[in-house]
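**Student:** In order, the protein sequences belong to chains A and B.
Residues in the first sequence are numbered consecutively from 1, following the numbering used here.
Residues in the second sequence are numbered consecutively from 1001, following the numbering used here.
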Amino acid sequence: NAGVTQTPKFQVLKTGQSMTLQCAQDMNHEYMSWYRQDPGMGLRLIHYSVGAGITDQGEVPNGYNVSRSTTEDFPLRLLSAAPSQTSVYFCASISTSGGARAQFFGPGTRLTVL
Amino acid sequence: GDSVTQMEGPVTLSEEAFLTINCTYTATGYPSLFWYVQYPGEGLQLLLKATKADDKGSNKGFEATYRKETTSFHLEKGSVQVSDSAVYFCALSAISSGSARQLTFGSGTQLTVLP
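#1: Starting from the beta carbon of Gln1081 (chain B), find every residue of chain A whose beta carbon is closer than 7 Å, and list them in chain order.
#2: Where do the ends of the beta strand (DSSP E) carrying Glu1063 (chain B) lie?
#3: Is Asp56 (chain A) helix, strand or coil when you go by DSSP?
#4: Looking at the C-beta of Phe105 (chain A), does it have a partner C-beta in chain B at a distance below 9 Å?
#5: For Asp1055 (chain B), which of helix, strand or coil comes out of DSSP?
#6: Quick check: Gln1006 (chain B) and Thr1109 (chain B), are their CB atoms within less than 9 Å of each other?
#7: Taking the beta strand (DSSP E) that Lys1049 (chain B) falls in, what are its first and last residues?
#8: Answer with buried or exposed for Asp1084 (chain B), where buried requires no fewer than 16 other C-beta atoms within 10 angstroms of its C-beta.
#9: Would you tell me roughly how many angstroms separate the C-alpha atoms of Ser1096 (chain B) and Gln1102 (chain B), rounded to the nearest one?
#10: Would you kindly work out how many angstroms separate the C-alpha atoms of Phe1062 (chain B) and Tyr1039 (chain B), rounded to a whole number?
#11: May I have a chain-ordered list of the beta strand (DSSP E) segments no shorter than 3 residues that lie completely inside the segment 35 to 84 of chain A?
#12: Measuring CA to CA, which of B:Asp1002, B:Ser1003, B:Tyr1036 and B:Ala1094 is closest to Lys1052 (chain B)?
#13: Rank B:Phe1018, B:Leu1013 and B:Tyr1088 by C-alpha distance to the C-alpha of Ser1079 (chain B) and give the top, closest one.
#14: Rank B:Asn1022, B:Asp1002 and B:Val1011 by C-alpha distance to the C-alpha of Arg1067 (chain B) and give the top, closest one.
#15: Quick one: is Gly1098 (chain B) near chain A, going by C-beta distance under 9 Å?
#16: Given a threshold of 16 other Cβ atoms within 10 Å of its Cβ, counted over all protein chains shown, does Leu78 (chain A) qualify as buried or as exposed?
#17: What are the start and end residues of the beta strand (DSSP E) that includes Val1080 (chain B)?
#18: Taking Thr15 (chain A) as the reference, give the member of A:Thr70, A:Ala82, A:Leu43 and A:Pro107 with the closest Cα.
#19: Find out if the Cβ-Cβ distance for the pair Ser69 (chain A), Gly53 (chain A) is shorter than 9 Å.
#20: For Phe90 (chain A), return the contacting residues in chain B, with the cut-off set at a CB-CB distance below 8 Å.
#21: Rounding to the nearest angstrom, what Cα-Cα distance links Tyr64 (chain A) and Ser1014 (chain B) in this structure?
Okay, here's the thing in C-alpha cells:
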C-alpha cells in the first residue's frame, strides 16, 4: 500500500513550456485534490475531484487543467508555465472514515519556472 | 467564506518546554478541525482531528480541543522534543467550503526545538 505517490519530485521549466504532474493513490478514495504551497500562505486548493470523470475548480485554478479518468490517477497539467507557478505542489487523497474528512498527502513536487 | 488564523511563527523552544500554537477559525455550520504536520522535505501528515464541539484530538503527545464558544482549536504538547521540529498547519473542513471534502488551511507555524 503506497498511499499517495507523486512524480516528479523536482522540475525546472522555462516560461511557456507545458508539463504534467502525476498523482496516484491506491486506497480507492473517491476524492482527490491538488494544492499549491507558497511561503506564508499555507496550502491553496487548485482543483479537486469527487470521483472518476468529475472535477471542479478550487481557489486558484487559473493556468491549470485536470482530468480524472480513473479512481487511482489525478494528473495536473500546466499548459503554459509562468514564473508565478513556481511553487510546491501537493496531491491529496481524501478518506471519509471515522466521520472526519482526513486527507492523505503525497510527498510533493517542487516546481521552478524560469 | 471559511478561514483559519494561526499563531505567527517561527516558534523556538528548548527541549522539554511546553508548546501552544493558537488556531482560531471562521466557518458557518459545524466544521471538522485538523492539525497537520510537515517535516522538512515531506508532505503533510495528519496529526490529529476533532469533529464536534468539546472533542479532544490527541496523537504523539499532542492535544487540541474543539472549542465552539471561542472558535478555537489550539495545539498543545507538554514536553516537546527536537524531533517535533516541523511546520504545523491548522485546517478545517466545512460544508460551506464549496465541497464538504475540501480543507481550508492556516498559513502554518514553524516550530524549532533546540536540544
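Just so you know, even glycine gets a beta-carbon here, dropped at the ideal spot from N, CA and C.
**Tutor:** For this structure:
#1: In chain order: nothing, as chain A lies at least about 23 Å away.
#2: Unbroken beta strand (DSSP E) run through Glu1063 (chain B): Phe1062 to Thr1065.
#3: Strand, per DSSP.
#4: Yes, Phe105 (chain A) lies at the interface with chain B (some Cβ there is under 9 Å from its Cβ).
#5: In the structure shown, Asp1055 (chain B) adopts coil according to DSSP, grouped into three states.
#6: Cβ distance < 9 Å, so Gln1006 (chain B) and Thr1109 (chain B) count as in contact.
#7: Judged by DSSP secondary structure, Lys1049 (chain B) falls within the beta strand (DSSP E) whose first and last residues are Leu1044 to Ala1050.
#8: Label assigned to Asp1084 (chain B): buried.
#9: Interpretation of Ser1096 (chain B) is limited by its pLDDT of 47, a score under 50 that renders its predicted location unreliable; the figure taken from the coordinates is listed afterwards. Each residue's alpha carbon lies about 10 Å from the other.
#10: Between the C-alpha atoms of Phe1062 (chain B) and Tyr1039 (chain B) there is a straight-line separation of about 15 Å.
#11: Within the segment 35 to 84 of chain A, the runs of beta strand (DSSP E) that reach at least 3 residues and sit entirely inside it are, in chain order, 43 to 51, 54 to 57, 64 to 66 and 76 to 78.
#12: Closest in C-alpha terms to Lys1052 (chain B), from the list B:Asp1002, B:Ser1003, B:Tyr1036 and B:Ala1094, comes B:Ala1094.
#13: Comparing alpha carbon positions, the residue from B:Phe1018, B:Leu1013 and B:Tyr1088 closest to Ser1079 (chain B) is B:Phe1018.
#14: For Arg1067 (chain B), the closest C-alpha among the options B:Asn1022, B:Asp1002 and B:Val1011 is that of B:Asn1022.
#15: Residue confidence is low: Gly1098 (chain B) scores 46 on pLDDT, short of 50, so the model does not pin down where it sits. Its coordinate-derived value is still stated next. Look at Gly1098 (chain B): its C-beta is under 9 Å from a C-beta on chain A.
#16: In this structure Leu78 (chain A) is buried. Its beta-carbon is surrounded by 16 or more other beta-carbon atoms within 10 angstroms.
#17: Counting along the chain, Val1080 (chain B) falls outside any beta strand (DSSP E), and DSSP gives it neither H nor E.
#18: For the residues A:Thr70, A:Ala82, A:Leu43 and A:Pro107, the minimum Cα distance to Thr15 (chain A) belongs to A:Ala82.
#19: Yes, they are a contact pair.
#20: Ordered by position in chain B, the residues that pass the 8 Å Cβ test against Phe90 (chain A) are Gly1043 and Leu1044.
#21: Roughly 43 Å between the two C-alpha positions.
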